[in-house]
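For the sequence shown, numbering that gives the first Met the number 0 gives the first residue as 0, with consecutive numbering after it.
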Amino acid sequence: MLRDITLGQYYRTESVIHSLDPRVKIVATFSFIISLFLVKNFIGYIIAGLFLVFCIRLSKVPPKFIFRGMKTIFFILIITMLFNLFLTPGIPLVTFWKFQITKEGLKLAIMMGIRLVFLITGSSIMTLTTTPNNLTDGLEDLLKPLKKLRVPVHEISMMMSIALRFIPILMEETDKIMKAQMARGADFESGSLMTRAKSLIPLLVPLFVSAFRRANDLAMAMEARCYRGGEGRTKMKPLVYKRRDAIAYLVIVLYLAAIVVLGRIFFT
């Protein structure tokens with residue numbers, strides 16, 4: 000299960016998406032996420048789905064690898080859909096015991112499920128096609144105007160990049176600790192929900208110790224290399240927009256226009 004987490008990993012291959020400027024991918028990802036919250040009907044989700052399939056094809060990342068990350072949020076997805084299904088007032092369709100499924104609840108549950116899947120998939124495409132270094136440089140450049148307000152842009156970008164990079168590392172560490180304790184007789188799969196939750200406590204202690212040790216090693220390595228923040232630092236590979244980046248921005252604008260215009264025309 001832990002190996003199924005794809006968020007924060009980088010999939011190395013040659014593709015159009017990989018070659019795009021990281022700033023374009025960050026803007027595209029945030030635009031896609033915002034568009035999902037603007038959509039109010041299934042026509043909009045069809046457009047968003049087609050755009051997502053288009054991006055997956057261009058990225059050359061195997062769809063099985065991308066959607067493997069859905070296994071980790073399956074429980075959250077089911078809970079979200081059930082809450083919307085049973086707690087949304089409207090025209091009753093099915094009634095049993097103290098629960099009832101309404102027409103509005105069914106529609107909202109399906110839309111929320113699709114939204115969550117699209118959101119995770121779209122975010123995964125960005126991290127799978129962008130190295131942590133490029134992601135840091137792109138975030139820093141996009142947030143550069145905030146420097147006038149004395150916002151530590153470089154430090155914020157660095158922290159976000161490190162946090163994403165540490166997700167797969169911590170998951171791998173958790174998997175190793177869990178297997179080591181299972182070899183010593185620990186049981187994480189049987190018993191009630193409360194019993195399984197209590198069995199995870201011995202797992203959390205070595206995990207936190209390992210996380211703090213890694214953080215300390217990283218801090219010492221950065222200090223040994225005379226890291227003093229972003230002031231006066233230069234980049235070995237400065238970010239420069241190319242023709243394909245301009246085309247990508249145009250595609251993003253056309254996608255957002257299609258979401259707004261066609262969504263209003265075919266509103267249901």
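Just so you know, even glycine gets a beta-carbon here, dropped at the ideal spot from N, CA and C.
Everything numeric in this text was worked out from a predicted model, so none of it was measured.
Counting along the chain, where does the beta strand (DSSP E) carrying residue i start and finish?
i: Gln8; result: Counting along the chain, Gln8 falls outside any beta strand (DSSP E), and DSSP gives it neither H nor E.
i: Ile100; result: 98-101
Measure from the alpha carbon of residue i to the alpha carbon of each residue in the options, then state which is nearest.
i: Arg227; options: Phe36, His153, Phe66, Ile46; result: His153
i: Leu249; options: Ala27, Ser18, Pro21, Asn215; result: Ala27
i: Phe117; options: Ser34, Thr130, Leu217; result: Ser34
i: Lys63; options: Glu222, Tyr10, Phe36; result: Tyr10
i: Leu138; options: Thr120, Ile161, Leu148; result: Ile161
i: Gln268; options: Ile119, Leu115, Phe82; result: Because the chain in this structure spans residues 0 to 267, residue 268 falls outside the shown range and cannot be described.
i: Phe29; options: Ile119, Asp216, Ala223, Met193; result: Ile119
i: Met170; options: Leu203, Glu13, Leu86, Asn132; result: Leu203
i: Lys236; options: Val93, Pro61, Thr130, Ile32; result: Thr130
i: Thr209; options: Phe95, Leu37, Ile168; result: The amino acid at residue 209 is misidentified as Thr; the sequence shows Ser. The candidate whose alpha carbon is nearest that of Ser209 is Ile168.
i: Arg56; options: His17, Phe36, Phe74; result: His17
Tell me whether residue i is buried or exposed, calling it buried when 16 or more other Cβ atoms sit within 10 Å of its Cβ.
i: Arg22; result: buried
i: Cys54; result: buried
i: Tyr240; result: exposed
i: Ala247; result: buried
i: Met0; result: Confidence in Met0 is poor, its pLDDT being 48 and thus under 50, which makes the residue's placement unreliable; the coordinate value appears in the next sentence. That one is exposed.
i: Ala253; result: At residue 253 the sequence reads Leu, which differs from the Ala that was named. The residue is exposed, with fewer than 16 neighbouring Cβ atoms inside 10 Å.
i: Gly184; result: exposed
i: Arg242; result: exposed
i: Ala220; result: exposed
i: Lys24; result: buried
i: Leu19; result: buried
i: Asp186; result: exposed
i: Ser189; result: exposed
i: Phe211; result: exposed
i: Ile78; result: exposed
i: Thr194; result: exposed
Can you tell me the Cα-Cα spacing of residue i and residue j, whole angstroms?
i: Met80; j: Ile109; result: 7 Å
i: Gln8; j: Ile72; result: 16 Å
i: Met181; j: Lys175; result: 10 Å
i: Lys197; j: Asp244; result: 50 Å
i: Thr267; j: Gly112; result: Residue confidence is low: Thr267 scores 49 on pLDDT, short of 50, so the model does not pin down where it sits. No coordinate-derived value is stated.
i: Lys106; j: Phe66; result: 23 Å
i: Leu84; j: Thr126; result: 32 Å
i: Lys147; j: Ser156; result: 16 Å
i: Leu49; j: Ile200; result: 43 Å
i: Cys274; j: Met177; result: The requested residue 274 does not occur in the structure, where the chain is confined to residues 0 to 267.
i: Leu217; j: Met158; result: 12 Å
i: Lys59; j: Lys234; result: 28 Å
i: Pro206; j: Glu103; result: Sequence inspection shows Leu at residue 206; the Pro mentioned does not correspond to that position. When rounded, the distance between both Cα atoms is 44 Å.
i: Glu172; j: Ile90; result: 49 Å
i: Ile166; j: Pro88; result: 39 Å
i: Lys39; j: Leu86; result: 19 Å
i: Phe31; j: Glu13; result: 23 Å
i: Arg114; j: Ala223; result: 44 Å
i: Lys143; j: Arg149; result: 10 Å
i: Asp140; j: Leu37; result: 27 Å
Hey, is residue i close to the ligand FMN, as in C-beta under 7 Å from one of its heavy atoms?
i: Lys146; result: Looking at this structure, you won't find the ligand FMN or any other ligand, since it has none at all.
Residue i lies in the alpha helix (DSSP H); which residues open and close that run?
i: Val15; result: 15-18
i: Val52; result: 41-58
i: Pro91; result: Pro91 -> not in any alpha helix (DSSP H); beta strand (DSSP E) instead, spanning 91-95.
i: Ile176; result: 152-182
i: Ala27; result: 21-37
i: Ser189; result: Element bounds for Ser189: n/a, residue is neither H nor E.
i: Met219; result: 200-223
i: Leu148; result: Run containing Leu148: none; DSSP gives neither H nor E here.
i: Pro62; result: 62-66
Do residue i and residue j have their C-beta atoms closer together than 8 Å?
i: Leu163; j: Leu134; result: yes
i: Ile258; j: Ala47; result: yes
i: Gly271; j: Leu76; result: Any property of residue 271 remains undetermined from this structure, which presents the chain solely from 0 to 267.
i: Ile42; j: Leu255; result: no
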